[in-house]
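Novice: Below is the structure I would like to discuss, written out as structure tokens.
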Amino acid sequence: GTSEEDCLWEPCSPAQYLDQESGCQDCPADQWSTGGNTVSCTNCPEWKGVEPGQGTSEEDCAWKPCSPAQYLDADTGCQNCPADQWSTGGRTVSCTNCPEWKGVEPGQGTSEEDCAWKPCSSAQYLDQESGCQECPADQWSTGGNMTSCNNCPDGKGVEPGQGTSQEDCVLMT
38 GTSEEDCLWE
48 PCSPAQYLDQ
58 ESGCQDCPAD
68 QWSTGGNTVS
78 CTNCPEWKGV
88 EPGQGTSEED
98 CAWKPCSPAQ
108 YLDADTGCQN
118 CPADQWSTGG
128 RTVSCTNCPE
138 WKGVEPGQGT
148 SEEDCAWKPC
158 SSAQYLDQES
168 GCQECPADQW
178 STGGNMTSCN
188 NCPDGKGVEP
198 GQGTSQEDCV
208 LMT
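Residues 38 to 210 (my numbering) are what the sequence shown spells out, left to right.
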């Protein structure tokens with residue numbers, strides 16, 4: 038060459054691109070390059086990423102960590118945990134079941150503490166330690182999140198676990 042303009046840049050290494058002003062530069066985060074004389078890097082697919090200067094092909098792009106209440110599906114990326122399951126996120130591949138009788142809405146459980154007691158059936162009350170319990174004899178409940186059962190009126194009663202309303206209380210003989 039007879040002048041500086043005749044000089045060519047050396048081919049860049051993989052994970053780099055050629056900047057005509059300053060030469061080879063590392064690809065930014067979430068981009069990759071095969072190197073050579075390419076003047077820009079290629080974006081990783083959505084929800085995937087790679088560290089700066091580390092992406093030499095699309096295969097180097099890995100799923101990004103999931104948010105809490107999600108799990109990582111190898112084919113589709115981050116998915117919400119189903120109902121009654123929780124996850125701290127990251128790269129966990131499954132969600133954890135809530136304890137028995139507890140639940141959480143889909144995509145809302147970020148820790149076991151998010152699992153709340155499920156509503157009790159009629160004739161039951163909610164014990165905060167052990168969950169739904171049958172109402173004792175001569176008591177009734179409409180269920181839900183009631184923490185105690187209602188007493189039948191004086192002189193009336195009902196079998197244990199059978200009182201779903203005050204109308205179930207009958208005269209005792």
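Note that beta-carbon positions come from the ideal geometry of N, C-alpha and C, so glycine has one too.
What does DSSP give as the partner residues of CYS206 in its beta bridges?
Specialist: DSSP output for CYS206 lists no bridge partner at all.
Novice: Please report the Cβ distance between LYS101 and GLY86, rounded to the nearest whole angstrom; I am assuming they are in contact, meaning their Cβ atoms lie under 8 Å.
Specialist: Sure, about 5 Å apart at Cβ, within 8 Å.
Novice: Quick check on the DSSP output: the beta strand (DSSP E) that includes GLY114 runs from which residue to which?
Specialist: Run containing GLY114: 114-117, per the beta strand (DSSP E) assignment.
Novice: According to DSSP, is GLU171 helix, strand or coil?
Specialist: Correct three-state label for GLU171: strand.
Novice: Let me confirm a value: SER202 is counted as buried when at least 16 other C-beta atoms fall within 10 Å, else exposed. Which label applies?
Specialist: Exposed, since its Cβ has fewer than 16 Cβ neighbours within 10 Å.
Novice: Please list the segments of the beta strand (DSSP E) lying wholly inside the stretch 38-114, counting only runs of 3 or more residues, in order along the chain.
Specialist: Fully enclosed beta strand (DSSP E) runs of 3 or longer: 53-56, 60-63 and 107-110.
Novice: Rounded to a whole number of angstroms, what is the C-alpha to C-alpha distance between SER59 and ASP97?
Specialist: SER59 and ASP97: Cα-Cα distance of roughly 26 Å.
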